[in-house]
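Each residue of the sequence shown is one higher than the one before, counting from 17 in my numbering.
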Amino acid sequence: MSDAPTAHLVRGVHGIEAQAWDRLAPATNPFVRHGYLEALEASHSAVPETGWAPLPVVLGEVTAPAAIAPAYVKSHSAGEYVFDHGWAHAYERAGGRYYPKLQVAVPFTPVPGPRLLAADDTARTNLIKGLEAAAERLDVSSVHVTFCTAAEAALFAAAGWGIRHGVQYHWTDQGYGDFEGFLEALKSSKRKAMRKERRKVQASGIEVVVHRGAAITPADMEAFYPFYLATVEKRTWGQGYLKRSFFRLLAERLGDALVLVLAYQDGRCVAGAMHLVGGDTLYGRLWGALEDFKFLHFELCYYQAIDLALAWGLRRIEAGAQGEHKLQRGYAPARTYSAHLIRDPALRTPVEAFLARERAQIEAEWPLLESYLPYRTTAGDG
């Protein structure tokens, strides 16, 4: 690969000045900003000891980079939300060594966004070559770029990488005005169901309070951390990736991009949801509750999010990974993309065949997913 540009491997996001990094990272996506990614390191959430060794791939001078990929050398496949465990097991059964691998991602964050931080497509194409050169230099089995943009996926495909499709569920404002306007766009049965769910939460004595930016206190962030742990503990496959100090650092660094929606009962904070704001989008990130309250998850994560988006003039809500139940609450299917470079042809060939079948299956299922949406299609729907 003699024509590949020189790729510098930097020991951590902290090794690149914030101003130089953020010059390439769009302000509309807070997850790829220096402050967010460096907080994952500083809190010891994404560090070699947890299997995420930060190693950004940089083209050009480190002090004035032309392009950056937020990359990590990984010793496992946890915390990625694009699952390749099956590939790893198959390769290792055949005598291969799948780990370490190189992961270009926002750790523990299934939010689509740019992964090739650069000013133009020429620099992005060069950065793809830089990632290929880095894979050879590090002698890793593979490189995985998860939740990249559709435009980036096209660049990776042109470079011969395997492209994987996924599905998330996003809400888009169609000029509703307020929550009642949104409800009026739904079928009668769905409209009644949502009103009933919201009334049930109110009847349980829950008071919802929204804090944003400077209004979020250290005590608020301390109150939220047990909610995060409570959700993690309910998942037998989960673990508490994010350390307590990560949440404190977010409150210090993100300003008005950080939103907490907290639920109180009898003066006690019992549940909460954390969102981030970037550009015209509200990003649903984390949620949890200390007790089981019927419909509270829907209220804090989906209905309150719609209220906030409409009040703040935001066009979109991205509510995170998985969850077909979101369809019934007006969140439509949206494609996600990842790119995969498998260096060994013995593994690359079956993986590419799998990706082709998976893409076809998603395409075939798309009309069915859209059929579950609650929106009126005719005047007779209510």
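Beta carbons are placed, not taken as given, at the ideal position from N, Cα and C, and that holds for glycine.
Thinking residue i and residue j are a contact (beta carbons under 8 Å), I'd like their distance in whole angstroms, please.
i	j	result
F240	F262	Their Cβ separation, rounded to whole angstroms, is 11 Å, which puts F240 and F262 out of contact at 8 Å.
F172	A121	Wrong, their Cβ atoms sit about 14 Å apart, outside the cutoff.
N142	A83	7 Å
L324	L298	6 Å
I333	G300	7 Å
Y185	G339	6 Å
R331	D272	Incorrect: roughly 17 Å between the Cβ atoms, too far for contact.
Y97	A337	5 Å
A134	L40	6 Å
T393	G304	In fact, because the Cβ distance is near 36 Å, the residues do not count as touching under 8 Å.
When you compare only the Cα positions, how much space is there between residue i and residue j?
i	j	result
M210	E307	22 Å
Y88	E200	46 Å
A372	K145	24 Å
H341	L389	10 Å
V183	Y391	19 Å
A2	A362	Residue 2 lies beyond the residue range present for the chain, which begins at 17 and ends at 398; the question has no answer from this structure.
K216	V224	13 Å
Y449	V78	Examination of residue 449 is not possible in this model, given that the chain is present from 17 through 398 alone.
E374	L71	30 Å
R364	L132	23 Å
W10	E152	Only positions 17 to 398 of the chain appear in this structure, which leaves residue 10 out of reach.
V29	P383	41 Å
A110	A104	10 Å
V226	L292	13 Å
L385	P349	7 Å
T252	R345	Residue placement at T252 cannot be trusted, given a pLDDT of 45 that sits under 50; the coordinates are not used to answer.
A219	P46	36 Å
S387	T138	40 Å
A85	Q119	10 Å
G76	V26	12 Å
H92	K310	36 Å
G193	L302	26 Å
G256	E57	15 Å
Residues in the same chain with beta-carbon distance under 6 Å from residue i, minus the five sequence neighbours each way, listed in chain order, please.
i	result
K117	K90, V156, S157, S158
E379	none
E381	none
Y115	S91
Y280	E223
DSSP puts residue i in a beta bridge; with which residues?
i	result
K259	None, per the DSSP bridge assignment.
R351	V183
W37	According to DSSP, which records beta bridges pairwise, W37 is partnered with nothing at all.
C285	Y280
Y88	P70, Q119
P81	G76
C12	Look at the range of the chain in this structure, 17 to 398, and you will see that residue 12 is not part of it.
Y241	Partner(s): none; Y241 has no beta bridge.
Which residues in the same chain have their Cβ closer than 7 Å to the Cβ of residue i, if we skip the five residues on either side of it in sequence?
i	result
A55	F262, L265, L266, R269
R113	S157
L258	S61, F124, Y244
L312	V217, I222, A279, A287, A305
Can you give me the Cβ contacts of residue i inside the same chain, cut-off strictly under 8 Å, excluding the 5 residues immediately before and after it?
i	result
D43	Looking at the sequence shown, residue 43 is not Asp but Ala. Correct list, in chain order: R49, G294, G295.
F195	Y319, I322, D323, L326
Y353	P128, F163, C164, T165, A166, E168, A169, I179, R180, H181, G182
A335	Q184, Y185, H186, W187, G300, C317, Y318, A321, K342, Y347
P130	A41, P42, N45, V48, C164, T165, E168
Using only the heavy atoms of the ligand SAM, determine whether one of them is closer than 7 Å to the beta carbon of residue i.
i	result
S220	Among the ligands in the structure shown, none appear at all, so the ligand SAM cannot be discussed.
Three Cβ pairs or more, each shorter than 8 Å: is that satisfied between the region 279 to 293 and the region 24 to 38?
no
Sufficient close CB pairs (3 or more, under 8 Å) joining the region 174 to 188 to the region 352 to 366
yes
Examine the Cβ distances between the region 309 to 318 and the region 109 to 127 and report whether three or more of them are shorter than 8 Å.
no
Does the region 271 to 278 come close enough to the region 231 to 240 that 3 or more CB-CB pairs lie under 8 Å?
yes
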